[in-house]
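Taking it in order: structure first as C-alpha coordinates, then the write-up.
Residue numbers (this note's numbering): 212 to 360.
This is how it looks when you write it as C-alpha coordinates:
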(Lines of atoms letter the chains of each structure in order from A and count residues from 1; the text may use other names and numbers.)
(Lines give C-alpha, C1' and ligand atoms only; values in the text may rest on other atoms or scores of the structure.)
Protein backbone atom coordinates (compact mmCIF):
# COMPACT_ATOMS: atom_id res chain seq x y z
CA UNK A 1 0.00 0.00 0.00
CA UNK A 2 2.93 2.35 0.57
CA UNK A 3 3.82 2.00 -3.10
CA UNK A 4 0.48 3.33 -4.36
CA UNK A 5 0.92 6.94 -3.02
CA UNK A 6 4.52 6.92 -4.22
CA UNK A 7 3.41 5.76 -7.68
CA UNK A 8 0.80 8.56 -7.95
CA UNK A 9 3.35 11.14 -6.79
CA UNK A 10 5.85 10.06 -9.43
CA UNK A 11 3.12 9.94 -12.07
CA UNK A 12 1.92 13.43 -11.15
CA UNK A 13 5.44 14.89 -11.22
CA UNK A 14 6.28 13.24 -14.52
CA UNK A 15 3.28 14.74 -16.28
CA UNK A 16 4.05 17.98 -17.96
CA UNK A 17 1.37 20.57 -18.08
CA UNK A 18 1.75 22.45 -21.33
CA UNK A 19 -0.39 25.46 -22.01
CA UNK A 20 -1.45 25.45 -25.63
CA UNK A 21 -2.64 28.58 -27.33
CA UNK A 22 -5.52 28.07 -29.69
CA UNK A 23 -5.35 30.15 -32.84
CA UNK A 24 -8.69 31.64 -33.76
CA UNK A 25 -9.25 32.65 -37.34
CA UNK A 26 -10.74 36.09 -37.64
CA UNK A 27 -14.09 36.41 -39.36
CA UNK A 28 -12.57 38.95 -41.71
CA UNK A 29 -9.86 36.68 -43.09
CA UNK A 30 -9.93 36.04 -46.81
CA UNK A 31 -8.30 33.43 -49.04
CA UNK A 32 -4.90 34.36 -50.37
CA UNK A 33 -4.53 34.97 -54.08
CA UNK A 34 -2.02 37.28 -55.73
CA UNK A 35 -3.94 39.43 -58.18
CA UNK A 36 -1.78 41.24 -60.75
CA UNK A 37 -2.96 44.63 -59.45
CA UNK A 38 -2.19 44.78 -55.73
CA UNK A 39 -5.05 47.24 -55.15
CA UNK A 40 -7.71 44.71 -56.19
CA UNK A 41 -7.56 42.36 -53.17
CA UNK A 42 -8.25 45.04 -50.51
CA UNK A 43 -11.00 46.46 -52.72
CA UNK A 44 -12.57 43.02 -53.24
CA UNK A 45 -12.40 42.19 -49.52
CA UNK A 46 -14.49 45.26 -48.77
CA UNK A 47 -16.71 44.73 -51.82
CA UNK A 48 -17.92 41.31 -50.65
CA UNK A 49 -18.30 42.29 -47.00
CA UNK A 50 -19.86 45.79 -47.10
CA UNK A 51 -23.20 46.21 -48.89
CA UNK A 52 -23.05 50.03 -49.03
CA UNK A 53 -19.54 49.88 -50.48
CA UNK A 54 -20.70 47.29 -53.03
CA UNK A 55 -23.56 49.49 -54.22
CA UNK A 56 -21.33 52.56 -54.56
CA UNK A 57 -18.72 50.54 -56.47
CA UNK A 58 -21.16 49.08 -58.99
CA UNK A 59 -21.66 51.11 -62.18
CA UNK A 60 -25.44 51.29 -62.63
CA UNK A 61 -27.00 50.68 -65.04
CA UNK A 62 -24.81 47.61 -65.11
CA UNK A 63 -24.47 45.32 -68.12
CA UNK A 64 -25.70 41.77 -67.78
CA UNK A 65 -28.75 40.12 -66.23
CA UNK A 66 -30.07 37.16 -64.28
CA UNK A 67 -31.63 34.44 -66.45
CA UNK A 68 -33.43 31.25 -65.45
CA UNK A 69 -36.35 29.15 -66.67
CA UNK A 70 -38.70 31.28 -64.58
CA UNK A 71 -37.43 34.78 -65.25
CA UNK A 72 -35.08 37.19 -66.93
CA UNK A 73 -34.17 40.17 -64.79
CA UNK A 74 -31.98 43.22 -65.40
CA UNK A 75 -29.87 44.32 -62.45
CA UNK A 76 -30.97 47.46 -60.62
CA UNK A 77 -29.71 49.35 -57.60
CA UNK A 78 -33.11 48.88 -55.91
CA UNK A 79 -33.14 45.08 -56.30
CA UNK A 80 -29.44 44.29 -56.08
CA UNK A 81 -28.61 40.86 -54.59
CA UNK A 82 -25.48 41.32 -52.50
CA UNK A 83 -22.48 39.38 -53.83
CA UNK A 84 -20.86 37.75 -50.78
CA UNK A 85 -19.08 34.66 -52.12
CA UNK A 86 -15.38 34.94 -52.77
CA UNK A 87 -14.03 34.14 -56.25
CA UNK A 88 -10.68 33.23 -54.64
CA UNK A 89 -12.32 30.14 -53.12
CA UNK A 90 -13.23 28.98 -56.62
CA UNK A 91 -9.68 29.59 -57.82
CA UNK A 92 -8.28 27.63 -54.87
CA UNK A 93 -10.76 24.76 -55.39
CA UNK A 94 -9.82 24.63 -59.06
CA UNK A 95 -6.13 24.26 -58.19
CA UNK A 96 -6.87 21.46 -55.72
CA UNK A 97 -9.48 19.41 -57.55
CA UNK A 98 -9.23 20.06 -61.28
CA UNK A 99 -8.70 17.00 -63.44
CA UNK A 100 -8.59 16.57 -67.20
CA UNK A 101 -12.00 14.87 -67.06
CA UNK A 102 -13.71 17.90 -65.53
CA UNK A 103 -16.02 19.67 -67.92
CA UNK A 104 -16.57 22.74 -65.76
CA UNK A 105 -14.32 25.69 -66.29
CA UNK A 106 -13.17 28.87 -64.64
CA UNK A 107 -11.79 31.89 -66.45
CA UNK A 108 -9.78 34.67 -64.84
CA UNK A 109 -8.42 37.42 -67.06
CA UNK A 110 -6.56 40.36 -65.56
CA UNK A 111 -5.22 43.04 -67.88
CA UNK A 112 -5.25 46.78 -68.59
CA UNK A 113 -7.07 47.78 -65.40
CA UNK A 114 -9.79 45.14 -65.81
CA UNK A 115 -10.50 41.85 -64.11
CA UNK A 116 -12.91 39.32 -65.65
CA UNK A 117 -14.05 36.20 -63.79
CA UNK A 118 -16.31 33.49 -65.18
CA UNK A 119 -17.37 30.10 -63.87
CA UNK A 120 -19.24 27.63 -66.05
CA UNK A 121 -20.92 24.37 -65.07
CA UNK A 122 -21.45 22.72 -68.44
CA UNK A 123 -23.59 19.81 -67.25
CA UNK A 124 -25.81 21.77 -64.88
CA UNK A 125 -26.72 24.90 -66.88
CA UNK A 126 -25.21 27.38 -64.43
CA UNK A 127 -22.80 30.13 -65.37
CA UNK A 128 -21.65 33.29 -63.67
CA UNK A 129 -19.55 36.12 -65.05
CA UNK A 130 -18.43 39.43 -63.61
CA UNK A 131 -16.04 42.14 -64.68
CA UNK A 132 -14.39 44.89 -62.67
CA UNK A 133 -12.71 47.96 -64.09
CA UNK A 134 -10.35 50.43 -62.47
CA UNK A 135 -11.70 53.92 -63.17
CA UNK A 136 -9.82 56.95 -61.81
CA UNK A 137 -7.85 54.70 -59.42
CA UNK A 138 -11.05 53.10 -58.01
CA UNK A 139 -12.37 49.62 -58.83
CA UNK A 140 -15.98 49.20 -60.00
CA UNK A 141 -18.13 46.25 -60.98
CA UNK A 142 -19.21 46.96 -64.56
CA UNK A 143 -20.73 43.62 -65.64
CA UNK A 144 -22.56 40.74 -63.94
CA UNK A 145 -24.24 37.85 -65.73
CA UNK A 146 -25.90 34.86 -64.06
CA UNK A 147 -27.55 32.00 -65.90
CA UNK A 148 -29.34 29.21 -64.09
CA UNK A 149 -31.01 26.76 -66.47
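Virtual Cβ for every residue (Gly too), placed ideally from N, Cα, C.
Keep in mind it's a predicted model, so treat the numbers as computed, not measured.
Cut-off 7 Å between Cβ atoms - residues of its own chain near residue i, not counting five sequence neighbours on either side
{"i": "residue 280", "result": "360"}
{"i": "residue 294", "result": "259, 265"}
{"i": "residue 351", "result": "268, 269, 270, 343, 344"}
Proximity winner among the options, relative to residue i (alpha-carbon distances)
{"i": "residue 289", "options": "301, 304, 338, 269", "result": "269"}
{"i": "residue 346", "options": "260, 325, 337, 330", "result": "325"}
{"i": "residue 348", "options": "317, 248, 286", "result": "248"}
{"i": "residue 354", "options": "245, 286, 255", "result": "286"}
{"i": "residue 272", "options": "334, 278, 284, 262", "result": "284"}
{"i": "residue 254", "options": "278, 297, 291, 277", "result": "297"}
{"i": "residue 261", "options": "245, 277, 292, 246", "result": "292"}
{"i": "residue 251", "options": "318, 327, 301", "result": "327"}
Per DSSP, the bridge partner or partners of residue i
{"i": "residue 269", "result": "352"}
{"i": "residue 277", "result": "284, 357"}
{"i": "residue 332", "result": "337"}
{"i": "residue 326", "result": "321, 343"}
{"i": "residue 316", "result": "331"}
Residues near residue i in its chain [Cβ-Cβ closer than 6 Å; skip 5 each side]
{"i": "residue 356", "result": "275, 340"}
{"i": "residue 277", "result": "284, 357"}
8 Å CB neighbourhood of residue i in its chain, flanking five on each side removed
{"i": "residue 332", "result": "315, 338"}
{"i": "residue 243", "result": "299"}
{"i": "residue 311", "result": "Its pLDDT being 42, under 50, residue 311 is placed unreliably by the model, and the measurement read from it follows with that caveat. Correct list: empty, nothing qualifies."}
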